[in-house]
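Number of protein chains: 2
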Amino acid sequence: MEKEIVKPSILPGFLELLPAEQIAFNKMMETIRKNYEKFGFIPQETPIIEKSEVLLAKGGGDTEKQIYRFTKGESDLSLRFDLTVPLARYVAQHMSSLTFPYRRYQIGKVYRGERNQKGRFREFYQCDIDIIGNGKLSIINDAEIPSIIYSTFKDLGFDSFTIHINNRKVLNGFFDNLQVENKIDVLRIIDKLEKIGMEAVKKELKEMNLSDEAIDSIERFITIDGSNDDIIEALKKLEVNDENFKLGVQELEKVVYYIREFKVPEKNFKIDLKIARGLDYYTGTVYETILDDYPSIGSVCSGGRYDNLAEYYTNQNLPGVGISIGLTRLFYQLHEAGIVKSEASTLTKVLVVPMDENFSYAIKTANALKEKGIISEVYFEETKFPKKLNYANKLGIPYIIIIGSQEIESGRLSLKNMITGEQERYTIEEIISLIK
Amino acid sequence: MEKEIVKPSILPGFLELLPAEQIAFNKMMETIRKNYEKFGFIPQETPIIEKSEVLLAKGGGDTEKQIYRFTKGESDLSLRFDLTVPLARYVAQHMSSLTFPYRRYQIGKVYRGERNQKGRFREFYQCDIDIIGNGKLSIINDAEIPSIIYSTFKDLGFDSFTIHINNRKVLNGFFDNLQVENKIDVLRIIDKLEKIGMEAVKKELKEMNLSDEAIDSIERFITIDGSNDDIIEALKKLEVNDENFKLGVQELEKVVYYIREFKVPEKNFKIDLKIARGLDYYTGTVYETILDDYPSIGSVCSGGRYDNLAEYYTNQNLPGVGISIGLTRLFYQLHEAGIVKSEASTLTKVLVVPMDENFSYAIKTANALKEKGIISEVYFEETKFPKKLNYANKLGIPYIIIIGSQEIESGRLSLKNMITGEQERYTIEEIISLIK
Numbered sequence: 219m220e221k222e223i224v225k226p227s228i229l230p231g232f233l234e235l236l237p238a239e240q241i242a243f244n245k246m247m248e249t250i251r252k253n254y255e256k257f258g259f260i261p262q263e264t265p266i267i268e269k270s271e272v273l274l275a276k277g278g279g280d281t282e283k284q285i286y287r288f289t290k291g292e293s294d295l296s297l298r299f300d301l302t303v304p305l306a307r308y309v310a311q312h313m314s315s316l317t318f319p320y321r322r323y324q325i326g327k328v329y330r331g332e333r334n335q336k337g338r339f340r341e342f343y344q345c346d347i348d349i350i351g352n353g354k355l356s357i358i359n360d361a362e363i364p365s366i367i368y369s370t371f372k373d374l375g376f377d378s379f380t381i382h383i384n385n386r387k388v389l390n391g392f393f394d395n396l397q398v399e400n401k402i403d404v405l406r407i408i409d410k411l412e413k414i415g416m417e418a419v420k421k422e423l424k425e426m427n428l429s430d431e432a433i434d435s436i437e438r439f440i441t442i443d444g445s446n447d448d449i450i451e452a453l454k455k456l457e458v459n460d461e462n463f464k465l466g467v468q469e470l471e472k473v474v475y476y477i478r479e480f481k482v483p484e485k486n487f488k489i490d491l492k493i494a495r496g497l498d499y500y501t502g503t504v505y506e507t508i509l510d511d512y513p514s515i516g517s518v519c520s521g522g523r524y525d526n527l528a529e530y531y532t533n534q535n536l537p538g539v540g541i542s543i544g545l546t547r548l549f550y551q552l553h554e555a556g557i558v559k560s561e562a563s564t565l566t567k568v569l570v571v572p573m574d575e576n577f578s579y580a581i582k583t584a585n586a587l588k589e590k591g592i593i594s595e596v597y598f599e600e601t602k603f604p605k606k607l608n609y610a611n612k613l614g615i616p617y618i619i620i621i622g623s624q625e626i627e628s629g630r631l632s633l634k635n636m637i638t639g640e641q642e643r644y645t646i647e648e649i650i651s652l653i654k
Numbered sequence: 219m220e221k222e223i224v225k226p227s228i229l230p231g232f233l234e235l236l237p238a239e240q241i242a243f244n245k246m247m248e249t250i251r252k253n254y255e256k257f258g259f260i261p262q263e264t265p266i267i268e269k270s271e272v273l274l275a276k277g278g279g280d281t282e283k284q285i286y287r288f289t290k291g292e293s294d295l296s297l298r299f300d301l302t303v304p305l306a307r308y309v310a311q312h313m314s315s316l317t318f319p320y321r322r323y324q325i326g327k328v329y330r331g332e333r334n335q336k337g338r339f340r341e342f343y344q345c346d347i348d349i350i351g352n353g354k355l356s357i358i359n360d361a362e363i364p365s366i367i368y369s370t371f372k373d374l375g376f377d378s379f380t381i382h383i384n385n386r387k388v389l390n391g392f393f394d395n396l397q398v399e400n401k402i403d404v405l406r407i408i409d410k411l412e413k414i415g416m417e418a419v420k421k422e423l424k425e426m427n428l429s430d431e432a433i434d435s436i437e438r439f440i441t442i443d444g445s446n447d448d449i450i451e452a453l454k455k456l457e458v459n460d461e462n463f464k465l466g467v468q469e470l471e472k473v474v475y476y477i478r479e480f481k482v483p484e485k486n487f488k489i490d491l492k493i494a495r496g497l498d499y500y501t502g503t504v505y506e507t508i509l510d511d512y513p514s515i516g517s518v519c520s521g522g523r524y525d526n527l528a529e530y531y532t533n534q535n536l537p538g539v540g541i542s543i544g545l546t547r548l549f550y551q552l553h554e555a556g557i558v559k560s561e562a563s564t565l566t567k568v569l570v571v572p573m574d575e576n577f578s579y580a581i582k583t584a585n586a587l588k589e590k591g592i593i594s595e596v597y598f599e600e601t602k603f604p605k606k607l608n609y610a611n612k613l614g615i616p617y618i619i620i621i622g623s624q625e626i627e628s629g630r631l632s633l634k635n636m637i638t639g640e641q642e643r644y645t646i647e648e649i650i651s652l653i654k
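Residue numbers (my numbering), protein chains in the order written: chain A, 219 to 654; chain B, 219 to 654.
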């Protein structure tokens with residue numbers, strides 16, 4: 219009986235990488251992890267499946283439709299759709315075992331049944347850090363966050379990027395002072411400024427029945443520009459009679475002061491009064507990060523300050539500040555744009571190639587290399603020499619060591635540089651120091 | 219209106235760790251990863267959700283009932299229950315883009331709706347390596363695998379462990395020669411030898427209508443013992459007239475020969491004719507790894523050689539050999555037994571504690587430490603000094619640097635060793651070299 223073959227394939231909206239891309243992806247993830255750890259963030263992990271009742275405690279919203287929700291036995295289960303809700307649940311659940319401020323990072327996959335389109339993923343990595351206070355949390359943490367973004371994106375190999383900073387109190391205070399009722403809609407329109415231009419924004423504001431005076435005021439506000447200090451001065455000069463606004467400006471000024479103390483270069487951060495980040499969650503500082511040469515990618519690292527992390531799980535007040543990098547989307551876009559290049563399809567530095575069936579000397583050689591931290595393998599398969607070379611070539615292994623009877627007798631091994639094609643004989647010690 | 223509070227909790231059978239345990243867990247995972255990479259294995263990742271049709275191509279079996287399977291829109295989805303089926307699908311799907319032998323590792327979570335009991339998890343990490351040949355694969359790979367197990371468990375801090383090795387051809391050939399029809403049941407009974415003893419095993423074999431002669435023969439076979447060489451000699455002397463058996467003994471001999479070449483100490487591996495590992499998958503060498511001081515944990519790393527990885531997805535013949543470490547269960551059991559001890563609840567080495575509101579000097583100090591690779595944070599919260607100390611103590615941060623006006627003036631900072639309690643003044647350069 220012929221066996222039936224099932225066509226091997228994965229679901230649309232899921233990203234699966236070939237070795238070279240996977241290695242490049244992992245390198246980015248490792249860079250992010252190392253940076254988060256460098257700043258004293260503790261690793262946290264939560265299950266991918268949680269109780270629907272818990273995960274959807276907040277309820278409603280666009281996200282709910284996208285959730286992977288199902289039953290198993292009598293349990294109503296959901297796959298996590300971000301790392302923030304699990305963080306809130308974790309902190310509320312383990313509160314008495316944690317030390318505050320609780321600085322944690324979590325890197326993990328989340329799931330959203332997004333409409334299937336290029337560059338949108340249903341399974342993707344988020345890389346989050348948050349600092350959670352018990353009852354209160356110093357504003358200086360809001361200034362440390364940009365220094366972590368700066369350090370991380372520098373290490374990822376970027377030079378030209380701008381961390382856009384704003385404060386929700388400034389926005390809320392400004393619009394309250396104008397007696398704008400539907401602030402959320404107004405913020406949404408303003409958010410489109412870069413895309414549609416000022417005239418279109420004004421037209422849309424007009425359609426919302428805002429007075430000409432209010433629209434003029436909004437135009438003056440969102441076009442405030444100049445250096446960070448200029449913007450703060452301009453905000454102070456605005457005649458906005460709102461306590462929240464004043465507090466927001468004070469916070470923004472303090473955050474800018476300390477960002478400088480954290481040694482983030484002036485060219486890498488900028489107050490941007492147009493950014494709001496989500497609508498009902500952030501309450502103070504907000505961040506977006508733009509790669510200056512690739513603005514169309516949008517924000518590659520966003521977040522902000524919130525007053526109350528876990529209100530659905532505890533009555534304790536837990537203010538925090540955090541950011542998230544959507545790594546899968548970022549990697550995909552950088553790779554598509556040719557910015558992240560995948561190189562070798564292997565981590566191996568040396569392939570040891572025995573010329574005959576005497577594998578013992580080859581094994582000994584590879585062992586000696588591995589002991590010195592040089593990743594190496596032996597080619598064990600019986601085949602002709604060019605095929606062995608081809609294995610190294612296809613994977614991108616930079617060196618091969620050829621071991622024949624002459625090499626074994628003399629103790630001088632043939633080292634071939636696969637990039638230059640050069641081949642010479644060396645002792646194993648010479649090879650180790652040459653490669654290291 | 220009072221907000222309704224949802225009790226924060228996770229599902230039974232899911233493991234969630236507190237910081238100290240998570241740090242210890244990650245350390246183990248990192249050790250395994252580094253070892254797999256050292257031997258030239260390439261990282262691979264596959265989606266956690268796959269098409270049910272693909273994941274369950276093999277169908278049937280006990281596993282199927284345990285699978286998390288659900289629909290979303292019109293898709294029939296399942297969560298992966300191991301990393302082997304996704305590997306088979308991946309290799310068949312990307313065959314033309316891969317280089318063979320394909321050496322890959324995958325570390326990831328898998329899902330099984332197991333009956334809820336202590337030490338059994340529904341979400342758990344597997345850490346797998348496999349070497350896949352295209353059409354054929356040298357037997358020497360079977361000998362390299364124990365050297366990877368050896369290196370990994372040494373690095374995990376174990377000294378006394380034994381890699382048990384057997385060959386399915388030896389078993390199959392032996393039982394075929396005895397004309398045992400239900401080999402699988404016989405293997406299952408033999409597998410219980412350690413637990414129930416020889417008399418009980420013989421009784422059960424008798425109940426299967428095996429002849430006294432056959433049972434005697436089986437007893438002689440499974441009690442063959444001695445050094446690895448003794449066992450091979452004894453096998454050769456057995457009058458088993460079966461080609462498969464003879465081939466198996468040859469393979470076993472060759473594997474033992476090369477395991478020695480890979481420098482695995484004799485005390486760390488042992489031929490064990492009783493192990494069979496699963497029933498319909500492995501076709502040659504099989505492995506189990508026992509921690510000598512904790513045999514009750516069972517095998518901590520198992521695997522073997524198979525003839526055909528991906529028969530449900532391709533007509534290509536893909537022989538391979540691989541192993542798997544069930545990390546979540548292993549960690550849980552080692553932790554319960556007090557073998558893996560969690561230490562600090564943080565990765566931070568130095569907490570910089572400003573005595574007053576002048577944070578700039580503290581930030582500068584932490585920056586200098588971080589530049590030298592020393593993980594450090596500044597305590598920014600306004601609170602009394604003992605509370606700041608308490609933060610370091612609770613987390614297990616080993617050093618604090620106290621920064622007051624005297625320190626800033628003199629440039630000599632107070633370094634307090636939190637373990638010994640000692641406190642002295644040093645320059646930042648002295649502190650860096652002291653801590654490094």
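Glycine included, C-beta positions come from ideal geometry on N, C-alpha and C.
What span of residues does the alpha helix (DSSP H) with residue i cover, start to end?
{"i": "A:Pro364", "result": "358 to 373"}
Let's see if you can read the secondary structure: which residues bound the beta strand (DSSP E) around residue i?
{"i": "A:Gly337", "result": "Where A:Gly337 is concerned, there is no enclosing beta strand (DSSP E), given that its DSSP letter is neither H nor E."}
{"i": "A:Gly391", "result": "First-last for A:Gly391: 386 to 395, but that is the alpha helix (DSSP H), not the beta strand (DSSP E)."}
{"i": "B:Thr289", "result": "287 to 290"}
{"i": "B:Gln551", "result": "Counting along the chain, B:Gln551 falls outside any beta strand (DSSP E), though it belongs to the alpha helix (DSSP H) covering 545 to 554."}
{"i": "B:Gly522", "result": "520 to 524"}
{"i": "A:Ser296", "result": "293 to 297"}
Less than 9 Å between the C-beta atoms of residue i and residue j, yes or no?
{"i": "A:Ile620", "j": "A:Val568", "result": "no"}
{"i": "A:Glu234", "j": "A:Ile228", "result": "yes"}
{"i": "A:Leu389", "j": "A:Gly466", "result": "yes"}
{"i": "B:Phe259", "j": "B:Tyr323", "result": "yes"}
{"i": "A:Ile436", "j": "A:Val404", "result": "yes"}
{"i": "A:Leu668", "j": "A:Ile266", "result": "Absent from the model: residue 668 of chain A. The displayed extent of chain A is 219 to 654, so no value can be given."}
{"i": "A:Val224", "j": "B:Glu271", "result": "yes"}
{"i": "B:Phe439", "j": "B:Leu428", "result": "no"}
{"i": "B:Thr503", "j": "B:Gly522", "result": "yes"}
{"i": "A:Tyr617", "j": "A:Lys606", "result": "no"}
Give every residue of the same chain whose Cβ lies closer than 7 Å to the Cβ of residue i, excluding the five residues on either side of it in the sequence, and list them in chain order.
{"i": "A:Met219", "result": "Reliability of the predicted coordinates at A:Met219 is poor, the pLDDT of 44 falling under 50, and no value is obtained from them."}
{"i": "B:Leu316", "result": "Val309"}
{"i": "A:Phe288", "result": "Leu295"}
{"i": "A:Asn486", "result": "Tyr368, Phe379, Thr380, Ile381"}
{"i": "A:Thr645", "result": "Gly629, Arg630"}
{"i": "B:Phe243", "result": "Leu235, Phe549"}
{"i": "B:Glu282", "result": "Leu274"}
Within its chain, find whatever has a CB closer than 6 Å to the CB of residue i; leave out the 5 residues flanking it on each side and keep chain order.
{"i": "B:Leu548", "result": "Val518"}
{"i": "B:Tyr254", "result": "Tyr323, Ile347"}
{"i": "B:Ala432", "result": "Leu396"}
Excluding the 5 residues flanking residue i on each side, which residues of the same chain have their C-beta closer than 8 Å to its C-beta?
{"i": "A:Val482", "result": "Pro364, Ser365, Tyr368, Ile381"}
{"i": "B:Ala238", "result": "Ser560, Glu561, Ala562, Ser563, Gly614"}
{"i": "A:Leu374", "result": "Met246, Thr249, Ile250"}
Nearest chain C C-beta to residue i closer than 9 Å, yes or no?
{"i": "B:Tyr499", "result": "This model lacks chain C altogether; the protein chains it does include are A and B."}
**Positions along the region 262 to 278 of chain B whose CB lies within less than 8 Å of some CB in chain A** = Answer set for the region 262 to 278 of chain B: Gln262, Glu263, Thr264, Pro265, Ile266, Ile267, Glu268, Lys269, Glu271, Val272, Ala275.
**Request:** Note down, one range per segment and in chain order, each alpha helix (DSSP H) of at least 4 residues found wholly within the region 532 to 609 of chain A.
**Result:** Complete alpha helix (DSSP H) runs here, min 4: 545 to 554, 577 to 589.
**Asked** Can you list, in chain order, the residues of the region 518 to 546 of chain A whose Cβ is nearer than 8 Å to any Cβ on chain B?
**Response** Per Cβ criterion, the list reads Ala528, Glu529, Tyr530, Tyr531, Thr532, Asn533.
**Message:** To test your reading of the DSSP string, which unbroken alpha helix (DSSP H) runs of 4 or more residues are found completely within the region 398 to 429 of chain B?
**Reply:** 401 to 408, 411 to 414, 416 to 425, all fully within the region 398 to 429 of chain B.
**Under 7 Å (Cβ pairs) to chain A, residues found in the region 367 to 392 of chain B** = Of all residues in the region 367 to 392 of chain B, none comes within less than 7 Å of chain A when Cβ atoms are compared.
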